[in-house]
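Peer 1: As they're listed, the protein sequences go chains A and B.
All residue numbers for the first sequence refer to the numbering used here, where the first residue is 143 and numbers rise by one.
All residue numbers for the second sequence refer to the numbering used here, where the first residue is 143 and numbers rise by one.
Built from N, CA and C at the ideal position, the CB exists for glycine as well.
The structure presented is a predicted model; accordingly, all values stated were derived computationally and were not measured.
Protein chains: 2
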Amino acid sequence: MKDDAHLTETAIASTEILKGRFLHAFRDTVLLPDATETTREYIVHPGAVMVIALLDDGRVLLERQYRYPMHRVMIEFPAGKLDEGEASLACAKRELFEETGYTAREWAKAGVLHPVISYSTEFIDIWFARGMIAGERELDAGEFLEVFTATPAELSDWCRDGQVTDAKTLTGMLWLQNVLSGAWALDWQIPTS
Amino acid sequence: MKDDAHLTETAIASTEILKGRFLHAFRDTVLLPDATETTREYIVHPGAVMVIALLDDGRVLLERQYRYPMHRVMIEFPAGKLDEGEASLACAKRELFEETGYTAREWAKAGVLHPVISYSTEFIDIWFARGMIAGERELDAGEFLEVFTATPAELSDWCRDGQVTDAKTLTGMLWLQNVLSGAWALDWQIPTS
Numbered sequence: 143m144k145d146d147a148h149l150t151e152t153a154i155a156s157t158e159i160l161k162g163r164f165l166h167a168f169r170d171t172v173l174l175p176d177a178t179e180t181t182r183e184y185i186v187h188p189g190a191v192m193v194i195a196l197l198d199d200g201r202v203l204l205e206r207q208y209r210y211p212m213h214r215v216m217i218e219f220p221a222g223k224l225d226e227g228e229a230s231l232a233c234a235k236r237e238l239f240e241e242t243g244y245t246a247r248e249w250a251k252a253g254v255l256h257p258v259i260s261y262s263t264e265f266i267d268i269w270f271a272r273g274m275i276a277g278e279r280e281l282d283a284g285e286f287l288e289v290f291t292a293t294p295a296e297l298s299d300w301c302r303d304g305q306v307t308d309a310k311t312l313t314g315m316l317w318l319q320n321v322l323s324g325a326w327a328l329d330w331q332i333p334t335s
Numbered sequence: 143m144k145d146d147a148h149l150t151e152t153a154i155a156s157t158e159i160l161k162g163r164f165l166h167a168f169r170d171t172v173l174l175p176d177a178t179e180t181t182r183e184y185i186v187h188p189g190a191v192m193v194i195a196l197l198d199d200g201r202v203l204l205e206r207q208y209r210y211p212m213h214r215v216m217i218e219f220p221a222g223k224l225d226e227g228e229a230s231l232a233c234a235k236r237e238l239f240e241e242t243g244y245t246a247r248e249w250a251k252a253g254v255l256h257p258v259i260s261y262s263t264e265f266i267d268i269w270f271a272r273g274m275i276a277g278e279r280e281l282d283a284g285e286f287l288e289v290f291t292a293t294p295a296e297l298s299d300w301c302r303d304g305q306v307t308d309a310k311t312l313t314g315m316l317w318l319q320n321v322l323s324g325a326w327a328l329d330w331q332i333p334t335s
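What follows is the structure, encoded as structure tokens:
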């Protein structure tokens with residue numbers, strides 16, 4: 143590991159600046175590498191998961207959901223926030239089932255992405271699922287989304303031509319492409335529960 | 143275009159809930175598709191650009207920068223926020239020069255990504271640059287970052303093994319991989335200024 147002292151910022155104070163119903167924000171006073179002071183404002187987020195579900199026919203599960211800050215419907219891989227104390231795989235199973243009705247026999251953790259490193263602590267764990275079994279979904283109250291399937295080639299076209307612009311889904315496409323080509327390996331596991 | 147009325151949320155009120163030094167947040171009251179009310183909280187962001195700069199030797203320009211919400215140094219493609227009224231390409235040229243000292247003879251707009259569609263209006267335009275000419279960078283006061291280069295294969299390995307987790311950079315890797323393979327085409331332009 144490199145010595146990053148010439149880049150590192152050190153907190154000297156922290157103040158809560160927003161406790162909303164969803165957003166929770168802080169302003170920290172920090173020392174820059176040259177010992178001058180500045181402030182950093184950021185959202186504290188519990189973390190989330192995303193699921194790339196591989197169906198037996200080679201298609202993947204996707205969702206269409208209205209995203210209010212975008213003022214339009216977006217195409218996304220299924221995803222959701224961690225409940226307090228919830229393990230990442232448990233969250234992946236729960237969100238996949240609630241939103242799509244599917245359960246999976248096998249799971250593989252691919253990696254993690256950070257959507258907005260300049261102003262949020264959010265991370266999104268990237269899970270692959272296969273051995274899919276369809277069931278009846280159980281959406282939360284007030285949750286409205288469509289589930290559909292696409293081939294990886296269709297999804298790739300949509301990433302290229304701007305129909306998919308969600309960063310987690312674009313990152314999922316990078317993983318999907320490299321897993322399907324054999325360039326990137328996954329470590330599949332069969333959870334006992 | 144599909145009729146998305148069964149997914150669409152409609153604003154009925156909007157309140158500023160945070161006017162920080164950097165973060166600007168609103169809480170809107172919205173009608174869900176079933177006509178029930180809920181609230182949506184989100185950050186308003188001016189938008190940003192990212193530059194994938196292709197050097198003549200096949201390497202790409204990267205940065206190492208401390209990202210306070212992550213509490214560590216991150217590997218990223220050069221990027222920065224739009225100034226008020228600034229055009230996307232002008233911002234891409236400015237940020238690339240300020241942060242790395244490089245100018246480019248040719249530019250191509252690849253697409254756009256949305257880093258956090260659930261709670262920010264931010265978009266990041268994705269630019270490719272080639273015909274690179276090195277110069278002396280002009281960092282803003284209080285800006286500390288290292289510039290370095292890597293081969294696309296090295297960067298891909300870092301995306302796979304978790305050394306790169308920044309979503310915009312992972313999305314840039316998707317573009318880079320598909321442009322270099324010839325699967326995705328770019329429309330190169332030579333700006334007159």
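With respect to the beta strand (DSSP E) encompassing W317 (chain B), which residues constitute its N-terminal and C-terminal limits?
Peer 2: Element bounds for W317 (chain B): not the beta strand (DSSP E) but the alpha helix (DSSP H), 309-323.
Peer 1: Assuming the contact rule is C-beta atoms closer than 8 Å, M192 (chain B) and I259 (chain B) should be a hit. Round their C-beta distance to whole Å, please.
Peer 2: Not a contact, Cβ separation roughly 17 Å.
Peer 1: Please list the partners that A295 (chain B) has in chain A, where partner means a Cβ-to-Cβ separation under 7 Å.
Peer 2: Within chain A, no residue comes near A295 (chain B); the closest Cβ sits about 10 Å away, beyond 7 Å.
Peer 1: Measure the C-alpha to C-alpha separation of G243 (chain A) and D308 (chain B) and round it to an integer number of angstroms.
Peer 2: Rounded to whole angstroms, G243 (chain A) to D308 (chain B) spans 30 Å at the Cα level.
Peer 1: Compare the C-beta of A234 (chain A) with all C-beta atoms of chain B and state if any pair is closer than 7 Å.
Peer 2: It does not: the Cβ of A234 (chain A) has no partner Cβ on chain B nearer than 7 Å.
Peer 1: Determine the DSSP secondary structure at L231 (chain B), reduced to helix, strand or coil.
Peer 2: In the structure shown, L231 (chain B) sits in a helix (DSSP, three-state: H, G or I).
Peer 1: Buried or exposed: I185 (chain B), going by 16 or more other Cβ atoms within 10 Å of its Cβ?
Peer 2: Burial call: buried.
Peer 1: CB-CB under 7 Å to Y261 (chain A), same chain, minus the five flanking residues each way: which ones, in chain order?
Peer 2: These residues qualify, in order along the chain: E183, Y184, I185.
Peer 1: Excluding the five sequence neighbours on either side, which residues of its own chain have a C-beta within less than 8 Å of the C-beta of E280 (chain B), listed in chain order?
Peer 2: Excluding positions up to five away in sequence, the list reads F239, E240, G243.
Peer 1: Alpha helix (DSSP H) containing S298 (chain A): first to last residue?
Peer 2: Unbroken alpha helix (DSSP H) run through S298 (chain A): 294-303.
Peer 1: Report the rounded CA-to-CA distance for L287 (chain B) versus Y208 (chain B), giving the unit in angstroms.
Peer 2: Using only the alpha carbons, I get a separation of about 7 Å.
Peer 1: Are the stretch 316-323 of chain A and the stretch 312-322 of chain B in contact at 8 Å, needing three or more beta carbon pairs?
Peer 2: Flag = yes, the stretch 316-323 of chain A and the stretch 312-322 of chain B touch.
Peer 1: Roughly how many whole angstroms lie between the Cα atoms of E179 (chain B) and T171 (chain B)?
Peer 2: Their Cα atoms are separated by approximately 7 Å.
Peer 1: Could you tell me which residues DSSP puts in a beta bridge with T245 (chain A)?
Peer 2: Its beta-bridge partners are A:I275.
Peer 1: With DSSP as the reference, identify every bridge partner of H166 (chain B), one or two as the case may be.
Peer 2: Looking at the DSSP assignment, H166 (chain B) forms a beta bridge with B:K161.
Peer 1: Would DSSP call R182 (chain A) helix, strand or coil?
Peer 2: R182 (chain A) falls in the strand class under three-state DSSP.
Peer 1: Quick one: does W326 (chain B) have its CB under 7 Å from some CB of chain A?
Peer 2: It does; some Cβ of chain A falls within 7 Å.
Peer 1: Count the C-beta pairs between the stretch 145-153 of chain A and the stretch 203-222 of chain B that are closer than 8 Å, then say yes if the count reaches three, no if not.
Peer 2: Yes, the stretch 145-153 of chain A touches the stretch 203-222 of chain B.
Peer 1: Out of A:E264, A:G162, A:W249, which one is the CA nearest neighbour of H256 (chain A)?
Peer 2: Among A:E264, A:G162, A:W249, the Cα nearest to that of H256 (chain A) is on A:E264.
Peer 1: Does D282 (chain B) get closer than 7 Å to chain A when you measure Cβ to Cβ?
Peer 2: D282 (chain B) does not count as touching chain A.
Peer 1: Relative to the C-alpha of M212 (chain A), which residue among B:M212, B:H187, B:R201 is closest?
Peer 2: Selected option, being the one with the closest Cα: B:H187.
Peer 1: For E151 (chain A), decide whether its Cβ has a neighbour in chain B, counting only Cβ atoms nearer than 7 Å.
Peer 2: It does: the Cβ of E151 (chain A) has a partner Cβ on chain B nearer than 7 Å.
Peer 1: Got a sec, what are the start and stop residues for the beta strand (DSSP E) G222 (chain B) sits in?
Peer 2: Taken as a continuous stretch (DSSP letters only), the beta strand (DSSP E) holding G222 (chain B) covers 221-223.
Peer 1: Closer than 6 Å by C-beta to I332 (chain A): which residues in its own chain qualify, once you throw out the five before and the five after it? Chain order, please.
Peer 2: Closer than 6 Å at the Cβ level, and outside the excluded window around I332 (chain A), lie E248.
Peer 1: A190 (chain A) and K223 (chain A): beta carbons closer than 7 Å?
Peer 2: Yes, they are a contact pair.
Peer 1: Of all the CB atoms in chain A, is at least one closer than 7 Å to the CB of M274 (chain B)?
Peer 2: Closer than 7 Å: no.
Peer 1: Could one say the Cβ of F286 (chain B) lies closer than 7 Å to chain A's Cβ atoms, at least one of them?
Peer 2: Yes - at least one Cβ of chain A is within 7 Å of the one on F286 (chain B).
Peer 1: Name the one or two DSSP bridge partners that V172 (chain B) has.
Peer 2: Answer is B:A153, B:T180.
Peer 1: Name the chain A residues whose beta carbon is nearer than 9 Å to that of Q305 (chain B)?
Peer 2: Within 9 Å Cβ-Cβ: nothing; Q305 (chain B) doesn't reach chain A, min ~10 Å.
Peer 1: If we define contact as Cβ-Cβ less than 7 Å, is T157 (chain A) a contact residue for chain B?
Peer 2: It does not; no Cβ of chain B falls within 7 Å.
Peer 1: Name the DSSP bridge partner or partners of I194 (chain A)?
Peer 2: In the DSSP output, where bridge partners are listed per residue, I194 (chain A) has A:F270.
Peer 1: Whose C-alpha, out of B:A295, B:L297, B:E158, is nearest the C-alpha of F168 (chain B)?
Peer 2: Closest option to F168 (chain B), Cα to Cα, is B:E158.
Peer 1: Could you tell me the boundaries of the beta strand (DSSP E) in which Y210 (chain B) lies?
Peer 2: No beta strand (DSSP E) contains Y210 (chain B), which DSSP labels as neither H nor E.
Peer 1: Any beta-carbon of chain B closer than 7 Å to the one on A147 (chain A)?
Peer 2: No, no contact with chain B.
Peer 1: Roughly how many angstroms separate the alpha carbons of D303 (chain A) and R201 (chain A), rounded to a whole number?
Peer 2: C-alpha separation (whole angstroms): 19 Å.
Peer 1: Taking only three categories from DSSP, how would you classify E218 (chain B)?
Peer 2: DSSP places E218 (chain B) in strand when its eight states are reduced to three.
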